[in-house]
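Shown next, in structure tokens, is the structure this report addresses.
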Amino acid sequence: MRKLVVAAVAVVVLIAAWWAYALSGAAALASAASHGDVAAVARRVDIPALIRSLGAQIARAALEDNPQFAKLSAIERRFVGAAGAGAAEALLREALTPETLAALLGRGRIGLPGAAADWRAPALGEVFGDGPWRAVANSRFEGPLSFVVRLDGPDGGYDVHLHLDGTTWRLDGLDLPKAISAGLARAISERVGEGRGG
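Numbering (mature numbering (1 follows the signal peptide of the UniProt record, and there is no 0)), first residue to last: -22 to -1, 1 to 176.
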């Protein structure tokens, strides 16, 4: 019985230590962003993966927001979705730089084309402002090397996804509230339309 208790305590300690390690990685990213340390932010963000994550969400929002796409077959929807994601990713590559990511994560603002005035997101550091228990309550693992921090904003929840790359937890995805992804989809669609019209 004693061995079982010792083993259970050891497992709890290991889980707590792993959770603290992941939270310290998220806190380091939040600190770098809040201090405007662009180089440190760049080291802690997988920008191509983040762009793919956002592009897919924006394309999905565009499909859901446009009634004419509801008539398409599943294959046609996948094709249109892939094309939409490609267009979104092209504009996101232009807009998502280490500087703009530091602004988004540190101050809750980002200069996406056509949407900068409308998009206000909670700063990553907010989850650490009320002490460690709030940070623990707002975080979870999706696998041993995949960690998520939940941020509550006026438009809904944002899930910040981090993965362990070597010894560094790096941001590789950001789940947006539906209202935000739909707004970005409209802004990008307008921008693409202006480009074609010009």
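Glycine included, C-beta positions come from ideal geometry on N, C-alpha and C.
For T146, the enclosing beta strand (DSSP E) stretches over residues T146 to D153. The secondary-structure analysis by DSSP pairs L129 across a beta bridge with Y136. Each of D130, L129, R148 and A101 was checked against the Cα of L123, and the nearest Cα belongs to R148. Distance from G103 to G14 at the Cβ level is roughly 12 Å; contact not present, criterion being Cβ atoms closer than 8 Å. Check the Cα spacing between L129 and each of Y(-2), A(-7) and L82: the tightest is with L82. If you draw a straight line from the Cα of D137 to the Cα of V(-10), it comes to about 26 Å.
Rounded to whole angstroms, the Cβ separation of V19 and A11 is 5 Å, and the two are in contact under 8 Å.
Straight-line measurement puts the Cα of A65 at about 33 Å from the Cα of N116. Taking C-beta atoms as the reference points, V105 and A113 count as a pair closer than 7 Å. Between G151 and S2, the C-beta gap is not smaller than 7 Å, which leaves the two residues out of contact.
Check the Cα spacing between W(-4) and each of D153, E120, S159 and A160: the tightest is with E120. In the DSSP assignment, R(-21) falls outside any beta strand (DSSP E) and lies within the alpha helix (DSSP H) extending over R(-21) to S12.
Taking 8 Å as the upper bound for CB-CB distance, G86 and A99 are in contact here, some 5 Å apart. Distances from the alpha-carbon of G144 to those of S159, A(-1) and P110 put A(-1) closest. Note that the C-beta distance between A80 and V16 is below 7 Å.
Less than 7 Å separates the beta-carbon of A40 from that of A163.
Comparing C-alpha distances from D108 to each of A5, G135, R22 and M(-22) shows the shortest one belongs to A5.
The shortest C-alpha to C-alpha distance from R71 to any of R118, A101 and I25 is the one to I25. Rounded to whole angstroms, the gap between the alpha carbons of R118 and I(-8) is 12 Å. The residues V16, A17, V19, A20, V23 and I25, in chain order, have a CB closer than 8 Å to that of P76 in the same chain once the five nearest residues on each side in sequence are set aside. The beta carbon of E42 sits closer than 7 Å to no other beta carbon from its chain once the five residues preceding and following it are set aside.
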